[in-house]
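As structure tokens, the structure follows; a few thoughts come after it.
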Amino acid sequence: MNITLKNARFEAIISTHGAEINSLKGADGTEYVWNGDASVWKYHAPVLFPHVGRIRDQFMTVKDKEYKLGVNGFARDLEFRLLHSSETSAEFELNESAETAEKYPWKFSLKVFYELTEKGLTFTSTVTNTDSEEISFSLGSHSAFCCPRNTDAEGTANSDYFIEFEKKEALTGVATTPDGYIASDEDGIAPYTFPYGEKEPGIIPLTAEGFGNGHFFTAFTSDWVGLRNRKNGSLVKVNTKDYPYLMIWQNAGEPRFVCIEPWYGIPDPEVTDHRWELKPALISLQPGKSFTADQSITSA
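Per my numbering, residue 431 is the first one in the sequence shown, and the count goes up by one each step.
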């Protein structure tokens, strides 16, 4: 089921499947969010839970029991319950089930809230521990933005856009393997970081080379990271305040979109014993406690 939100400046379509943004359009006709063409990439802006990125060999263990997990968790592929909606807002919830228990051992509530404002779309994900013991997880978003967009009268190309960090800071990369796992250094330490080496601090041009399985960043202080159109100066921004990690990814082949992905968590290291309790960068919650991630999207 799709829920349509609308105000004077924007229209958003949110699906109960994955509680995922399917469209975010400006009053001028600009479509910001990728259309989910399955021949390229079937998602639009998935919520990532209970982990982000790749899981080595597609399983993890908790108390010696094996749980099967795919890329970027299971929330994006499940039906959420619509809690309430209005003309400009909607909230969705996913809880544990027999299906999730085969992939993740704990009880939880994952609520995703959207609200249109004059600046864009408020987008938050809240995990609550409804179990009787501590739970741990990762949480993030994977918003894909149309690139090039559809509203420049003269047309735009991929090279007309760049990724911009709010504070124009020199960037720190997290080393990853070509297949998207966290790389180990010569001493076997993972993760490890390196100076990203961009020519202009905090600016990453989009090129035909793309980003492979993603360029991964940490230790930034920018409150937002955005996609800038250099021809007209327009900017779409994703909130990154207080996030420890950020992934940038673009589809392979002819450029169609670019993803700006703030994450609380990291993919599996390339070398792992699969024990969940040893997985780096997990969030832990005691019973009854909640954690909220803000992935809001605004335009300028």
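Every residue, glycine too, gets a C-beta built ideally from N, C-alpha and C.
(message) Looking at the strands, I want to know which residues DSSP matches up with S445.
(response) Taking the first residue of the sequence shown as position 1, residue 445 is located at position 15. As a beta-bridge residue in DSSP terms, S445 pairs with N432, E450.
(message) As a quick exercise: from S568, K598, C576, pick the residue whose alpha carbon is nearest that of D698.
(response) By 1-based counting over the sequence shown, the position of residue 698 is 268. Its Cα nearest to that of D698, the residue S568 stands out among S568, K598, C576.
(message) Which runs of the beta strand (DSSP E) at least 3 residues long sit entirely within the region 653-727? Give them in chain order.
(response) Segments of the beta strand (DSSP E) lying fully in the region 653-727: 654-659, 665-669, 675-680, 687-694, 713-715, 720-724.
(request) Could you pull out every residue in the same chain whose Cβ sits closer than 6 Å to the Cβ of D653, ignoring the five residues on either side in sequence? (result) Within the sequence shown, numbered from 1, the residue matching residue 653 stands at position 223. The answer, listed in chain order, is E596, K671.
(request) Report, in whole angstroms, the separation of the C-beta atoms of E526 and Q716, which I expect to be a contact under 8 Å. (result) By one-based count along the sequence shown, residue 526 stands at place 96. By one-based count along the sequence shown, residue 716 stands at place 286. Contact between E526 and Q716 is ruled out by a C-beta separation of about 17 Å, above the 8 Å threshold.
(request) In angstroms with no decimal places, state the Cα-to-Cα distance between P532 and R511. (result) The sequence position of residue 532 within the sequence shown is 102, counting from 1. The sequence position of residue 511 within the sequence shown is 81, counting from 1. The question names Pro, but residue 532 in the sequence shown is Glu. Approximately 20 Å, taken between the alpha carbons.
(message) I'd like the span of the alpha helix (DSSP H) that includes T518, first residue to last.
(response) Within the sequence shown, the letter at position 88 stands for residue 518. Boundaries for T518: no alpha helix (DSSP H) harbours it, and the DSSP string shows neither H nor E there.
(request) Report buried or exposed for P503, applying the criterion of at least 16 other Cβ atoms within 10 angstroms of its Cβ. (result) Here residue 503 corresponds to residue number 73 of the sequence shown, with the count starting at 1. For the record, residue 503 in the displayed sequence is Gly; it is not Pro. Here G503 is buried. Its C-beta has 16 or more other C-beta atoms within 10 Å.
(request) Return helix, strand or coil for E616, following the three-state DSSP convention. (result) For the purposes of this step, residue 616 is identified with residue 186 of the sequence shown, where counting begins at 1. In the structure shown, E616 sits in coil (DSSP, three-state: anything other than H, G, I, E or B).
(message) On the criterion of 16 or more Cβ atoms from any shown chain inside 10 Å, does F692 qualify as buried, or is it exposed?
(response) Numbered from its first residue, the sequence shown carries residue 692 at position 262. Looking at the sequence itself, residue 692 is Pro, so the reference to Phe does not match. With 16 or more other Cβ atoms inside 10 Å of its own Cβ, P692 counts as buried.
(request) Give every residue of the same chain whose Cβ lies closer than 6 Å to the Cβ of H481, excluding the five residues on either side of it in the sequence, and list them in chain order. (result) Position 51 of the sequence shown, counted from the start, is the residue given in the question as residue 481. These residues qualify, in order along the chain: G503, S568.
(message) I believe L478 touches S571 by the beta-carbon criterion, under 8 Å. Please report the beta-carbon distance rounded to the nearest angstrom.
(response) Walking along the sequence shown from the start, residue 478 turns up at place 48. Walking along the sequence shown from the start, residue 571 turns up at place 141. By a beta-carbon distance limit of 8 Å, L478 contacts S571. Their separation comes to about 6 Å.
(message) When you compare the region 624-633 with the region 589-609, are there three or more beta-carbon pairs, one atom per stretch, that lie closer than 8 Å?
(response) Three or more Cβ pairs closer than 8 Å define a contact, and the region 624-633 meets that threshold against the region 589-609.
(request) Figure out for me which residue from N452, I485, L546, K661 has the closest Cα to the Cα of F592. (result) The residue you call residue 592 lines up with position 162 of the sequence shown. The shortest C-alpha to C-alpha distance from F592 to any of N452, I485, L546, K661 is the one to K661.
(request) Could you have a look at A531 and say whether DSSP puts it in helix, strand or coil? (result) Counting from one through the sequence shown, the residue named residue 531 turns up at place 101. Assigned with DSSP and collapsed to three states, A531 falls in helix.
(request) Would you kindly work out how many angstroms separate the C-alpha atoms of F522 and K455, rounded to a whole number? (result) Within the sequence shown, residue 522 is the residue found at index 92, counting from 1. Within the sequence shown, residue 455 is the residue found at index 25, counting from 1. Taking the straight line from one Cα to the other gives about 21 Å.
(message) Using only CA atoms, which one of A528, T460, K436, F489 lies nearest to F575?
(response) Residue numbering aside, residue 575 sits at position 145 when the sequence shown is read from its first letter. Closest by alpha carbon: T460.
(message) For D590, count the other beta carbons within 10 Å of its own beta carbon; 16 or more makes it buried, fewer makes it exposed. Which is it?
(response) In the sequence shown, residue 590 corresponds to position 160, counting from 1. The Cβ neighbour count for D590, taken over all protein chains shown within 10 Å, is at least 16; the residue is labelled buried.
(message) When you compare the CB positions of Y675 and I690, do they come within less than 8 Å of one another, or not?
(response) Counting from one through the sequence shown, the residue named residue 675 turns up at place 245. Counting from one through the sequence shown, the residue named residue 690 turns up at place 260. Remark: C-beta atoms of Y675 and I690 do not approach each other more closely than 8 Å.
(message) Residues in the same chain with beta-carbon distance under 6 Å from F646, minus the five sequence neighbours each way, listed in chain order, please.
(response) Taking the first residue of the sequence shown as position 1, residue 646 is located at position 216. Within the same chain, F646 has close Cβ partners V604, T606, M677.
(request) Return helix, strand or coil for R484, following the three-state DSSP convention. (result) For the purposes of this step, residue 484 is taken as the residue at position 54 of the sequence shown. Reduced to three states, the DSSP call for R484 is coil.
(message) Whole angstroms are fine: how far does the CA of A438 sit from the CA of Y611?
(response) Taking the sequence shown and counting its residues from 1, the one referred to as residue 611 is at position 181. Taking the sequence shown and counting its residues from 1, the one referred to as residue 438 is at position 8. Cα to Cα, the separation comes out at about 43 Å.
(request) With a threshold of 16 other CB atoms inside 10 Å of the CB of L708, please say whether the residue is buried or exposed. (result) Here residue 708 refers to the residue found at position 278 when the sequence shown is read from its first residue. When all chains shown are included, L708 counts as exposed.
(request) Would you please state the rounded distance, in angstroms, between the beta carbons of R484 and V501? I believe it to be under 8 Å. (result) Stepping through the sequence shown from its first residue, residue 484 is reached at position 54. Stepping through the sequence shown from its first residue, residue 501 is reached at position 71. That belief holds up - the Cβ atoms of R484 and V501 are roughly 6 Å apart, short of 8 Å.
(message) I want to see whether chain C comes within less than 8 Å of Y462, judged by CB atoms only; does it?
(response) Going by chain labels, chain C is absent from the structure shown, which holds only one protein chain.
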